[in-house]
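Asker: Number 204 marks the last residue of the sequence shown (the UniProt record's numbering); no jumps. Note that the Cβ used here is the ideal one computed from N, Cα and C, for glycine as well. My questions all concern the structure below.
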Amino acid sequence: MTQSSSPKRPVRSHRRGAAVRDGVMSAAVHELLHVGFDGLTIAQVADRAGVHVTSVYRRWKTKEQLVTDALINHLDPSIPAPDTGSLRGDLIAMCADLNVSLTSPQMKALLRLSAMPVEIDPLGDARRRIIDARTEALKTVFARAVDRGELSADNQPDYSIAVEVIHAPIYARVLLNREPVTGDFVASLVDMLLTGLGGTRSPT
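Below, the structure is given as structure tokens:
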């Protein structure tokens, strides 16, 4: 008798608490990557996680809630503000962090959903929470630059626009041009942003 070569699903168990939650959210991200949001069902997620479907429904009433929590949990929307000692160094560090995050399965899943029409966007909340976190980190970076004397207090940008200015070229290079985000590319991008701010003074 030959054994099937198809991957085995976890055997349903009586796990509880954090173990069930983590397993379900990992399964949700896996299903999202492989079948998309429209093809994903809570029953499939429960099967892959090896839990009863009722265990999933007790925590998440809809697949929108489940997938949003799964992506937020895996992506960790809390973005620590780097503190390298200079505005240029901080912005370079933020760009490098964004580049790394784009290669994760969870971010790929979220980007896949970004192509959906806005009026049926099921995970706008997930994206907003991530963008809001990066905006707050950027505010901290610029506030420190003001404290160090690199920027004047009246020369700070619209932070929501600044986040887009930083993100857009990196997204374009990775997703459209399919080219690597090199250190030279990031440095050039940051220098262009600083030029747009009118230049910066050396930290005091």
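1. According to DSSP, is A198 part of a helix, a strand, or is it coil?
2. Do L194 and L98 have their C-beta atoms within less than 9 angstroms of each other?
3. Tell me whether V31 is buried or exposed, calling it buried when 16 or more other Cβ atoms sit within 10 Å of its Cβ.
4. On the three-state DSSP scale, how would you describe V20?
5. Assess, as a yes-or-no matter, whether the region 18–31 is touched by the region 39–48 under the definition of 3 or more beta carbon pairs within less than 8 angstroms.
6. Find out if the Cβ-Cβ distance for the pair A81, V141 is shorter than 9 angstroms.
7. Is E64 helix, strand or coil when you go by DSSP?
8. Does the separation of the CB atoms of T84 and I92 fall below 9 angstroms?
9. Using the rule of at least 16 other Cβ atoms within 10 Å of the residue's Cβ for burial, across every protein chain shown, is L175 buried or exposed?
10. Between V165 and H52, what straight-line distance do the alpha-carbon atoms span, to the nearest angstrom?
11. Checking 9 angstroms against the spacing of the C-beta atoms, do residue 206 and L189 come in under that value?
12. Please state whether DSSP places E136 in a helix, a strand or coil.
13. Checking 9 angstroms against the spacing of the C-beta atoms, do L197 and P169 come in under that value?
14. Should T68 go down as buried or exposed, given a rule of 16 or more other Cβ atoms within 10 Å for buried?
15. Between R134 and the rest of its own chain, which residues show a CB-CB distance below 6 angstroms, the 5 nearest in sequence each way excluded?
16. Taking the alpha carbon of R127 as the point to measure from, which residue in A143, R58, N73 has its own alpha carbon closest?
17. May I have the straight-line CA-CA distance separating R178 from V146, to the nearest angstrom?
Answerer: Reading off the structure:
1. Residue numbering aside, residue 198 sits at position 198 when the sequence shown is read from its first letter. Just to set this straight, residue 198 is Gly in the shown sequence, not Ala. G198 sits in coil when the DSSP states are folded into three classes, being neither helix nor strand.
2. Locating residue 194 in the sequence shown gives position 194, where the first residue counts as 1. Locating residue 98 in the sequence shown gives position 98, where the first residue counts as 1. No, Cβ-Cβ distance for L194 and L98 is not below 9 angstroms.
3. Translated into the one-based positions of the sequence shown, residue 31 becomes position 31. Residue identity check: residue 31 is Glu in the sequence provided, not Val. So E31 counts as buried.
4. Counting from 1 along the sequence shown, the entry for residue 20 is found at position 20. Reduced to three states, the DSSP call for V20 is helix.
5. A contact exists between the region 39–48 and the region 18–31.
6. As a first step, residue 81 is located in the sequence shown; it is residue number 81 there, counting from the start. As a first step, residue 141 is located in the sequence shown; it is residue number 141 there, counting from the start. Yes, they are a contact pair.
7. Residue mapping note: residue 64 aligns to position 64 of the sequence shown, counting from 1. If DSSP states are grouped into helix, strand and coil, E64 belongs with the helices.
8. As a working note, residue 84 is residue 84 in the sequence shown. As a working note, residue 92 is residue 92 in the sequence shown. Result yes, Cβ atoms of T84 and I92 sit closer than 9 angstroms.
9. For this step, residue 175 is matched to residue 175 along the sequence shown. Exposed is the call here.
10. To locate residue 165, count along the sequence shown from 1; it is residue 165. To locate residue 52, count along the sequence shown from 1; it is residue 52. Those two C-alpha atoms are separated by around 45 angstroms.
11. Past the edges of the chain, shown from 1 to 204, lies residue 206, and the structure says nothing about it.
12. For the purposes of this step, residue 136 is taken as the residue at position 136 of the sequence shown. E136 falls in the helix class under three-state DSSP.
13. Here residue 197 refers to the residue found at position 197 of the sequence shown. Here residue 169 refers to the residue found at position 169 of the sequence shown. No. Outside cutoff.
14. Reading the sequence shown from its first residue, position 68 is the one you call residue 68. The residue in question, T68, is buried, as its Cβ has 16 or more Cβ neighbours within 10 Å.
15. In the sequence shown, the residue the question calls residue 134 occupies position 134. The beta carbon of R134 sits closer than 6 angstroms to the beta carbons of I79, V163 from its chain, once the five residues preceding and following it are set aside; these are given in chain order.
16. As a first step, residue 127 is located in the sequence shown; it is residue number 127 there, counting from the start. Shortest Cα-Cα distance from R127 to any of A143, R58, N73 involves N73.
17. In the sequence shown, the residue the question calls residue 178 occupies position 178. In the sequence shown, the residue the question calls residue 146 occupies position 146. Near 36 angstroms, if we compare the C-alpha coordinates of V146 and R178.
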